[in-house]
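S.K.: First the structure, then my questions, so here it is.
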Amino acid sequence: MQDKNVVSWTTMLSAYSQNSQLDSASQFFANMPLRNVVSWNAMITAYAQSGHLDKGLRIFDSMPGRDLASWTALISAPSAGATLVERIYSLLPARELVSGTAAIAVYSRAGNLDAARSVFDSMPEHNAVSFVLWTSMISAFAQNNLSSSALQLFHRMLLEGIQPDVIAYTTVLDACGVVQARAEGKVIHSSITDAGLDTRAAIASSLITMYSKWGCIDEIEHVFDKVVLPNVVVWTALISAYAHNGHGRLALHSFARMDAEGVQPDHVTFISVVDACASIPEVTQVRLLHDEISCWNLDHHPQLQNALLSLYSKCGCVDRARIIFERLPTVGVIPGSAMLQAYAENGHGHQTLSFFRLMVLQGVHPENVTFLSILSACSHAGLVEVGCDYFASMKQDYEVEETVEHFTCMVDLFARSGKLEEAEELIGSMPFQPEDLAWLALLAGCRSYGHVERGIRAASRALELNPTKTSAPYVLLSGLNGDCK
């Protein structure tokens, strides 16, 4: 009878925990006249999963006896760090699938792939039952930008006769897209089709994303057409693929089809649609899209707000961009930089600088992209001295390292203002290998100010650095020669 009461009490304890009633669960646990290991584990799990890992550890340390689930409850905590997991995992009385998989996930989040691989290799069995362990290790490699290692382990998994699950397939498809492993990607696609999994939403969207990275529109459409009832994830993958490959009209048409078929968009869908509109920045289309986003009550989503802000900027609607910015609950570096870019790209140099000062006063720390907008604004407004001051202050005042893009902006600043000698000297002295864009900026300045000899030299260097981009230097050079006749 007592055992029955313990089971009932433990069931009540779990119910409190699962309904986020942590205080009630804690009080109930303290008042339980009898507890078994399941009761203790339920309380550890409640604390660990709700962000109170310290309290979970105290319960763990006071347990009269533990089983593997006790250890796993701590290892699986979202806030568990690599140091804690290393200590707990080393004390485990036995290695088993759940705790091993959880430990790999923690080490992956911490970027400690050696420790994750050590856990994987230490597991007693790597058989068909342990496919989740393989998937966890493959995902760890992929999440830490080791796509080639993810593919190698996936192939080893196949050689050992272990059937991949959906997560393993989606992970390696993404890895194929990242490393441009086209042949492998197509072989994996074929095996997915043979297994009858190509109509699964998660796999179909991963296939679409993979082919999108390669620009294979026909394959994208073939994958999509095989899905009988595509959900929002598959539709979004299709829209994103079109947008990513410069087919804005097709993306918008697909969005209209999705709406007609009654599939509800989410914020990720709308971000892809905004990207599509960026390739065809028509004010009317953008306003209609903004209205629809508002209808779905998604206009307060931070990513969408930033995307819309940038889109209005591309359309030249700086006032509308500023309205969105003013409605943001907090001013961050991403929307701030987007607003700076809006002013800079639309020729509002002085407003760009004023807005930058406002950002700094509001406690926003500028980043790399922030100064690109500042220097671009100074360049287009002819503010040479101001641009030089900001360039000098990047590292000194804001601890932002200069990049080749910043130096290229400075070359453009000098070239647009007729300081061609300074521009060429900066190209020669920058601590990076100059890009062709720097020489093209100098060439454009030479064309504006009629300096043929330096222009020929700039065109020659631009072609040396990027021989595939043959048209731009010749167009500028022909204009230079024509203007000087």
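Residues 1 to 485 in UniProt numbering are what the sequence shown lists, from first letter to last.
Note that the Cβ used here is the ideal one computed from N, Cα and C, for glycine as well.
To the nearest angstrom, report how far apart Leu-34 and Trp-71 are at their CA atoms.
M.R.: Taking the straight line from one Cα to the other gives about 21 Å.
S.K.: How would you call Ile-208, buried or exposed, if buried means at least 16 neighbouring beta carbons within 10 angstroms?
M.R.: Under this definition Ile-208 is a buried residue.
S.K.: Express the C-alpha separation of Val-232 and Cys-484 in angstroms, rounding to a whole number.
M.R.: Low local confidence applies: a pLDDT of 48 at Cys-484 is under 50, so the model's placement there is unreliable, and no value is given.
S.K.: For the alpha helix (DSSP H) containing Asn-31, name the first residue and the last one.
M.R.: First-last of the alpha helix (DSSP H) with Asn-31: 22-31.
S.K.: Helix or strand or just coil, what does DSSP make of Val-7?
M.R.: Helix.
S.K.: In this structure, does DSSP put Pro-431 in helix, strand or coil?
M.R.: Here Pro-431 sits in coil by DSSP.
S.K.: Using the rule of at least 16 other Cβ atoms within 10 Å of the residue's Cβ for burial, across every protein chain shown, is Ile-323 buried or exposed?
M.R.: By the 10 Å Cβ count, Ile-323 comes out exposed.
S.K.: In chain order, what are the residue ranges of uninterrupted beta strand (DSSP E) at least 3 long that sit wholly in the stretch 335-406?
M.R.: You should have found no qualifying run.
S.K.: What residues in its chain sit with their C-beta under 7 Å from that of Asp-67, if we drop five residues either side in the sequence?
M.R.: For Asp-67, where only same-chain residues beyond five positions count, the Cβ hits under 7 Å are Val-37.
S.K.: What alpha helix (DSSP H) runs, 4 residues minimum, are completely inside the UniProt repeat "PPR" (130-164)?
M.R.: As far as the UniProt repeat "PPR" (130-164) is concerned, its whole alpha helix (DSSP H) runs of at least 4 residues are 131-143, 147-159.
S.K.: Can you give me the C-alpha to C-alpha distance between Val-333 and Leu-304, rounded to a whole angstrom?
M.R.: Cα-Cα distance, rounded: 15 Å.
S.K.: If I follow the unbroken alpha helix (DSSP H) through Gln-305, where does it start and stop?
M.R.: Run containing Gln-305: 302-314, per the alpha helix (DSSP H) assignment.
S.K.: Would you decide whether Val-273 is buried or exposed? Buried here means 16 or more other CB atoms lie within 10 Å of its CB.
M.R.: Val-273 is buried by the Cβ-count criterion.
S.K.: For a cutoff of 8 Å on Cβ pairs, would you count Thr-170 as touching chain C?
M.R.: In summary, chain C is missing from the structure at hand, where a single protein chain is found.
S.K.: Looking at the secondary structure, which residues open and close the alpha helix (DSSP H) in which His-244 lies?
M.R.: Taken as a continuous stretch (DSSP letters only), the alpha helix (DSSP H) holding His-244 covers 232-244.
S.K.: What are the start and end residues of the alpha helix (DSSP H) that includes Trp-214?
M.R.: Trp-214 -> alpha helix (DSSP H) spans 201-214.
S.K.: Quick one: what does DSSP say Lys-419 is sitting in, helix, strand or coil?
M.R.: In this structure, Lys-419 counts as coil in the three-state DSSP scheme.
S.K.: Inspect the beta-carbon positions of Val-404 and Phe-371 and report whether they are closer than 8 Å.
M.R.: In this structure, Phe-371 does not lie closer than 8 Å to Val-404 by Cβ.
S.K.: Got a sec? Which residues, its chain only, sit under 6 Å from Trp-40 by beta carbon, not counting five neighbours each side?
M.R.: Correct list, in chain order: Met-63.
S.K.: What span of residues does the alpha helix (DSSP H) with Asn-112 cover, start to end?
M.R.: Asn-112 -> no alpha helix (DSSP H), and no H or E assigned at all.
S.K.: Using the Cα positions of Leu-238 and Tyr-398, report the straight-line distance between them to the nearest angstrom.
M.R.: Distance between the alpha carbons of Leu-238 and Tyr-398: 41 Å.
S.K.: What's the C-alpha gap between Ser-310 and Trp-235?
M.R.: Roughly 23 Å between the two C-alpha positions.
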